[in-house]
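The opening residue of the sequence shown carries number 18 in the working numbering; numbering runs sequentially from there.
Quick reminder that beta carbons are idealized off the backbone N, C-alpha and C, glycines included.
Quantities reported herein were computed from a predicted structural model and do not represent experimental measurements.
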Amino acid sequence: MKFGICLLSVVPVRSEPSDTSEMVTQVLFGDLIVINEKINNWLKIRIVYDNYEGWVDDKQIQIIDKDEFNRLNKETSQYSLDLVEVLQDVTNNVLIPVLIGSCIRNIENNQFSIQGKKFIFSGQLSLPEQDIFINSVIENAMLFLNAPYLWGGKTPFGIDCSGFTQTVYKLSGVKLLRDASQQATQGESISLIAEAEPGDLLFFDNNEETITHVGILIGNQKVIHASGKVRIDKIDHQGIYNEDLKKYTHNLRLIKRII
Numbered sequence: 018m019k020f021g022i023c024l025l026s027v028v029p030v031r032s033e034p035s036d037t038s039e040m041v042t043q044v045l046f047g048d049l050i051v052i053n054e055k056i057n058n059w060l061k062i063r064i065v066y067d068n069y070e071g072w073v074d075d076k077q078i079q080i081i082d083k084d085e086f087n088r089l090n091k092e093t094s095q096y097s098l099d100l101v102e103v104l105q106d107v108t109n110n111v112l113i114p115v116l117i118g119s120c121i122r123n124i125e126n127n128q129f130s131i132q133g134k135k136f137i138f139s140g141q142l143s144l145p146e147q148d149i150f151i152n153s154v155i156e157n158a159m160l161f162l163n164a165p166y167l168w169g170g171k172t173p174f175g176i177d178c179s180g181f182t183q184t185v186y187k188l189s190g191v192k193l194l195r196d197a198s199q200q201a202t203q204g205e206s207i208s209l210i211a212e213a214e215p216g217d218l219l220f221f222d223n224n225e226e227t228i229t230h231v232g233i234l235i236g237n238q239k240v241i242h243a244s245g246k247v248r249i250d251k252i253d254h255q256g257i258y259n260e261d262l263k264k265y266t267h268n269l270r271l272i273k274r275i276i
């Protein structure tokens, strides 16, 4: 078994070992991975944070030894709170754009190291240990407003519905699974929209009653979600009402309280 880490801004993870294959998710700077298989220049990986699997180009992943993997995996993770910030790779004298949600470990005096490489980062980071406040969830969600929708995306430059909710909760120290259908298995069920509170996750289904969409309740009968772009729409017991289209676009199926 081999191990790796993402030291680039963002790397696509694909369903098959091909550049033309569907992107199912992304890894950001600092994400640890386990390598399960290799076919030509493609690595079958498992992302440590959420156990999601897929294929990445081996040129986009830094291989690390088991001891370094274990060291990094044990360290407290902090996450970048800036939409985009620049990190300095001191060893190679290059700059790396770091996106919101990227993982920084064991930083002291704005410096940290990975596999002998030294880095400097002076951006805002989530606190190593923090009380979870609903306000922080809502504030972090608002940072993504107008981010374009991208299937498999997890960044302000392209994000899908469950990548949005996963990242927003990650910034507040709460771990969600990757897909909407997986996130729907987490938390406490709430029976009625009238009983829901800001920060609750709202899940929506299709005609086959399969969970296909998720958003975050922000109060005042409003939901923030990624559909075309990250946007705010009205929500009621029936679902999401899009005022631009003058119709309901998503059928409410389930409400979950995570915090």
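Opening and closing residue of the alpha helix (DSSP H) in which residue i lies
i, result
"F86", "83–91"
"E156", "151–159"
Unbroken beta strand (DSSP E) run spanning residue i, endpoints
i, result
"Q200", "From DSSP, Q200 is part of no beta strand (DSSP E) but of the alpha helix (DSSP H) over 197–200."
"F181", "F181 -> not in any beta strand (DSSP E); alpha helix (DSSP H) instead, spanning 178–188."
"S94", "94–96"
"T266", "264–274"
"N57", "N57 -> no beta strand (DSSP E), and no H or E assigned at all."
"F20", "19–22"
"G47", "Segment: none, G47 is in no beta strand (DSSP E) and carries neither H nor E."
"E70", "70–74"
"N106", "Checking the sequence shown, residue 106 turns out to be Asp, not Asn. Segment 101–106, the beta strand (DSSP E) holding D106."
"V111", "111–116"
"I121", "120–122"
"K192", "Where K192 is concerned, there is no enclosing beta strand (DSSP E), given that its DSSP letter is neither H nor E."
"I137", "134–137"
"P165", "First-last for P165: undefined, no H or E at that position."
"S143", "Unbroken run through S143: none, as it is neither H nor E."
"Q128", "128–131"
Contact set for residue i: own chain, Cβ-Cβ below 7 Å, skip 5 residues either direction
i, result
"Q77", "L25, V28"
"I56", "P34"
"Y96", "G118, S119, C120, L142, S143, K187, L188"
"S153", "S189"
"L98", "I117, Q141, L142, S143, L188"
"H267", "F221, H230, G256, I257"
Rounded separation between residue i and residue j - CA only
i, j, result
"I131", "K264", "50 Å"
"I176", "S244", "9 Å"
"E205", "L194", "15 Å"
"G140", "K239", "31 Å"
"V191", "V73", "26 Å"
"D84", "I235", "43 Å"
"S32", "E39", "6 Å"
"G232", "V65", "24 Å"
"R274", "K187", "15 Å"
"L167", "L116", "16 Å"
"F161", "V247", "6 Å"
"N90", "L269", "37 Å"
"D250", "L100", "23 Å"
"V111", "I50", "23 Å"
"N259", "V103", "37 Å"
"L271", "D82", "43 Å"
"E21", "I80", "The question names Glu, but residue 21 in the sequence shown is Gly. Between G21 and I80, the C-alpha separation is close to 4 Å."
"V109", "E125", "The question names Val, but residue 109 is Asn in the sequence shown. Rounded to the nearest angstrom, the two C-alpha atoms are 20 Å apart."
"D217", "M159", "15 Å"
Residue i - DSSP class collapsed to helix/strand/coil
i, result
"D253", "coil"
"D217", "coil"
"A211", "helix"
"Q238", "coil"
"Q77", "helix"
"Q32", "Checking the displayed sequence, the identity of residue 32 turns out to be Ser instead of Gln. If DSSP states are grouped into helix, strand and coil, S32 belongs with coil."
"S244", "strand"
"S26", "coil"
"G175", "strand"
"G204", "coil"
"Y258", "strand"
Close beta carbons around residue i, own chain, < 6 Å, minus the five adjacent residues each side
i, result
"N123", "E92, F129"
"T184", "G118, K171"
"D75", "N58, L60"
Neighbourhood of residue i by C-beta distance below 8 Å, restricted to the same chain and skipping five residues each side
i, result
"K61", "P34, I52, N53, E54, K55, E70, G71, W72"
"N127", "I137, F138, S139"
"D9", "The requested residue 9 is not part of the displayed model; the chain covers only 18 to 276."
Neighbour flag for residue i against chain E, beta carbons, 8 Å
i, result
"I137", "Included in the structure is just one protein chain, with no chain E present."
| query | Looking at C-beta atoms only, is the number of pairs between the segment 120–138 and the segment 191–203 that lie closer than 8 Å three or more? | reply | Pairwise C-beta distances place the segment 120–138 out of contact with the segment 191–203, as fewer than three of them are shorter than 8 Å.
| said: Below 8 Å, how does it come out for the segment 39–58 and the segment 164–178: are there three or more Cβ pairs, yes or no? | reply: Two segments are said to touch when three or more pairs of C-beta atoms, one from each, lie closer than 8 Å; by this definition the segment 39–58 touches the segment 164–178.
| task | State whether the segment 206–217 contacts the segment 245–256, with contact taken as three or more CB pairs (one from each stretch) at a distance under 8 Å. | result | These segments touch.
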